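Sequences listed follow chains A and B, in order.
First residue of the first sequence: 1, per our numbering; consecutive thereafter.
First residue of the second sequence: 358, per our numbering; consecutive thereafter.
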Amino acid sequence: MAELPKPLGLLAELTHRCPLGCPYCSNPLALEPRDDELDAGTWSRVFKEAAALGVLHVHLSGGEPGARRDLVDIAANAREAGLYTNLITSGVGITTRTMRDLWEAGLDHVQVSIQDADAVSADRIAGYRGAFQRKHALAAEAVRLGLPLTVNLVVHRANIERISDMVDLALKLKASRIEIAHVQYYGWALKNRAVLMPTAEQVTRAVAAVEELRRKHHGKIVIDAVVPDYHARFPKPCVGGWGRRSLNVTPSGRVLPCHAAESIPELTFWNVRDHALEDIWANSPAFNAFRGTDFLPAPCASCERREVDFGGCRCQAFLLTGDARATDPVCHLSPHHARVVELAAVQQDAPYTYRRM
Amino acid sequence: MAEADAIVDDAKPRLPRGVRLTNSEAQGGWVLLAPERIFKADPIAAEILKRCTGEATFAAIVDELATVFNAPRQRIHADVSKLLLGLAEKKLLEV
Numbered sequence: 001m002a003e004l005p006k007p008l009g010l011l012a013e014l015t016h017r018c019p020l021g022c023p024y025c026s027n028p029l030a031l032e033p034r035d036d037e038l039d040a041g042t043w044s045r046v047f048k049e050a051a052a053l054g055v056l057h058v059h060l061s062g063g064e065p066g067a068r069r070d071l072v073d074i075a076a077n078a079r080e081a082g083l084y085t086n087l088i089t090s091g092v093g094i095t096t097r098t099m100r101d102l103w104e105a106g107l108d109h110v111q112v113s114i115q116d117a118d119a120v121s122a123d124r125i126a127g128y129r130g131a132f133q134r135k136h137a138l139a140a141e142a143v144r145l146g147l148p149l150t151v152n153l154v155v156h157r158a159n160i161e162r163i164s165d166m167v168d169l170a171l172k173l174k175a176s177r178i179e180i181a182h183v184q185y186y187g188w189a190l191k192n193r194a195v196l197m198p199t200a201e202q203v204t205r206a207v208a209a210v211e212e213l214r215r216k217h218h219g220k221i222v223i224d225a226v227v228p229d230y231h232a233r234f235p236k237p238c239v240g241g242w243g244r245r246s247l248n249v250t251p252s253g254r255v256l257p258c259h260a261a262e263s264i265p266e267l268t269f270w271n272v273r274d275h276a277l278e279d280i281w282a283n284s285p286a287f288n289a290f291r292g293t294d295f296l297p298a299p300c301a302s303c304e305r306r307e308v309d310f311g312g313c314r315c316q317a318f319l320l321t322g323d324a325r326a327t328d329p330v331c332h333l334s335p336h337h338a339r340v341v342e343l344a345a346v347q348q349d350a351p352y353t354y355r356r357m
Numbered sequence: 358m359a360e361a362d363a364i365v366d367d368a369k370p371r372l373p374r375g376v377r378l379t380n381s382e383a384q385g386g387w388v389l390l391a392p393e394r395i396f397k398a399d400p401i402a403a404e405i406l407k408r409c410t411g412e413a414t415f416a417a418i419v420d421e422l423a424t425v426f427n428a429p430r431q432r433i434h435a436d437v438s439k440l441l442l443g444l445a446e447k448k449l450l451e452v
């Protein structure tokens, strides 16, 4: 095994609690209860250990991180550890007062999710009346404070025709960056797959629209786009390679190579309550399970893209083929690719199954 | 902000909120951090960026670096301009 890589990013899931009910929630089916959440002191230790390990960016996420009353202390601790501190929020549950306190604590960046450009549709998708307005208010406060803002759009069949309107909205909110992310089917989102799935024609139009928007708004806003998995020819290099670039700490302190890793039942995760982060990164069975590319079977084993996409996503391989070591079936070279094509063609018009705690 | 092709002498370059220069021992040196982006800063770039605090003028930064590196002012001027304009275009610096 080559020298152990150093992680760059830490996703800190402060809580699984969230006021919204988004049908595409990527959190696992079994949410961790409030009583199991790490306290601010433990997070502080984790941030210091992460910085010593090489981590540069920390993403304070959830659930809705605003559900934590000690969010400001946690953010201050992250900054004190020297980490670039990003808040990933739904915008609901964080008051303008808290936003100011976070700014004072040294928060570096805010990411707010927007469900749609149309208020009624946005609130329907979030399963929360008034969410759209609240998100606007919070985004406006962040910008007023001088914090850089990223707007995150999760794209699926109900809003895929309005990407251009959503980019206009992000510009109106004075976002400096926009992240256009097609739904990825893990956790709760898997329950709503057929209801969320866009058609192939919609995806083709959306990809072209994003390219056009990039040209149109060059220099005004950075547009980052995550490709729609099920309609791709090649898989994504999930989390930049397993145990290579990033780690994820759940509300109760379990450390995962990616936020969906708990969907692979054979993995054993260590907890920050029992082990130092450095020990977990180097030695926990879950991190070493799929490090590198040696475990990959054909067609990856002889593929020149092996070091580009690392065989794709381990969770997706498991969820769609039953084998976490298999080539991600999103890849057109996978023997299971037909299954993905088949699933991508299933669109069902039915009510969402909202996520409720 | 209009894209400039030169930096005026009395400009006071600064890293905007959300862009931060930090020294990471574990990563082996200085890095410039921005939303979802990391740029390794070589020792010279780090010396330049450390001075972009919004207080010192561009001319003063060039003067100081010419002294520190004991190099011709004209060359330092060209190098600093190139770095700062490149960063400004990526919105990683305000000039």
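For each residue, glycine too, the CB sits at the ideal point set by N, CA and C.
Predicted, not measured: the structure shown is a model, and the values here were computed from it.
Is any beta-carbon of chain A found at less than 7 Å from that of B/Arg374? yes
At a cut of 8 Å, does the stretch 197-205 of chain A reach the stretch 151-166 of chain A through at least three beta carbon pairs? yes
Quick one: what's got a C-beta closer than 7 Å to A/Ser121's C-beta in the same chain, skipping five residues either side? Closer than 7 Å at Cβ, skipping near neighbours: Ala158 and Asn159.
With a threshold of 8 Å, are at least 3 pairs of Cβ atoms found where one atom belongs to the stretch 125-136 of chain A and the other to the stretch 89-102 of chain A? yes
With 7 Å as the C-beta to C-beta threshold (strictly closer), list the residues of the stretch 118-133 of chain A near chain B in chain order. Contacts with chain B (Cβ-Cβ distance below 7 Å) from the stretch 118-133 of chain A involve no residue at all.
Any beta carbon from chain A within less than 7 Å of B/Pro429's own beta carbon? no
Relative to the C-alpha of B/Leu440, which candidate in B/Gly375, B/Ile405 and B/Asp420 has its C-alpha closest? The shortest C-alpha separation from B/Leu440 is found at B/Ile405.
Minimum length 4: unbroken alpha helix (DSSP H) runs contained in the stretch 276-350 of chain A: Runs found: 277-283, 285-289, 306-309, 314-321 and 337-344.
In terms of residues, what are the limits of the alpha helix (DSSP H) holding A/His136? Ala131 to Arg144
Looking at chain A, which residues of the stretch 395-420 of chain B have a Cβ within less than 9 Å of any of its Cβ atoms? Ile395
Pick from A/Val154, A/Ala140 and A/Thr85 that is closest to A/Gln115, judged by C-alpha positions: Ranking A/Val154, A/Ala140 and A/Thr85 by Cα distance to A/Gln115 puts A/Val154 first.
Around the C-beta of A/Gly219, are 16 or more other C-beta atoms found within 10 angstroms, so that it is buried, or is it exposed? It counts as exposed.
Between the CA atoms of A/Pro351 and A/Glu307 - distance to the nearest angstrom: 41 Å
Using a cut-off of 7 Å between C-beta atoms, extract the partners of A/His109 located in chain B. Those are Gly375 and Pro392, listed as they occur along chain B.
Nearest-angstrom Cα distance between A/Gly146 and A/Ala282? 39 Å
Could you tell me which whole beta strand (DSSP E) segments of length 3 or greater appear in the stretch 170-244 of chain A? 177-182 and 222-226
Using a C-beta to C-beta distance shorter than 7 Å, which residues of chain B count as neighbours of A/Tyr84? Arg377 and Leu390
Which ranges does the alpha helix (DSSP H) cover as unbroken runs of at least 4 residues, wholly within the stretch 39-78 of chain A, from first to last along the chain? 40-53
Report back the beta-carbon spacing between B/Ala368 and B/Phe415 to the nearest angstrom; my notes put them in contact at under 8 Å. 5 Å
Name the chain B residues whose beta carbon is nearer than 7 Å to that of A/Thr150? Pro392
Quick one: what does DSSP say B/Met358 is sitting in, helix, strand or coil? Low local confidence applies: a pLDDT of 42 at B/Met358 is under 50, so the model's placement there is unreliable, and no value is given.
Closer than 9 Å at the beta carbon, the chain B residues around A/His336: The contacting residues do not exist; A/His336 stays about 31 Å from chain B at best.
Would you mind reading off the limits of the alpha helix (DSSP H) that contains A/Ile264? Careful: A/Ile264 lies outside any alpha helix (DSSP H) and carries neither H nor E.
Pull up the distance between the alpha-carbon of A/Ala52 and that of A/Gly311, whole angstroms please. 30 Å
Helix, strand or coil at A/Arg355 according to DSSP, with G and I counted as helix: coil
According to DSSP, is B/Gln431 part of a helix, a strand, or is it coil? Correct three-state label for B/Gln431: helix.
When you compare each of A/Arg305, A/Arg215, A/Arg245 and A/Gly322 to A/Arg339 by their alpha carbons, which one comes out closest? A/Gly322
Chain-ordered neighbours of B/Ala383 on chain A, where CB pairs are closer than 7 Å: B/Ala383 reaches chain A at Lys6, Ala52, Leu53 and Gly54, counting residues in chain order whose Cβ is nearer than 7 Å.
Would you verify that the beta carbon of A/Gly311 is, or is not, closer than 7 Å to some beta carbon of chain B? no
For A/Leu14 versus A/Gly62, is the C-beta spacing smaller than 7 Å? Yes. Within cutoff.
Taking Cβ positions only, does A/Gly91 come closer than 7 Å to chain B? no
Residues in the stretch 434-449 of chain B with C-beta within 7 Å of chain A's C-beta atoms, listed in sequence order? Lys448
Are the stretch 396-405 of chain B and the stretch 135-149 of chain A touching, with three or more C-beta to C-beta distances below 8 Å? no
Name, going along the chain, the residues of the stretch 172-192 of chain A whose beta-carbon falls closer than 7 Å to a beta-carbon of chain B. Ser176 and Arg177
Under the three-state reduction of DSSP, which class applies to A/Ser121: helix, strand or coil? helix
Less than 7 Å between the beta carbons of A/Val110 and A/Ala142, yes or no? yes
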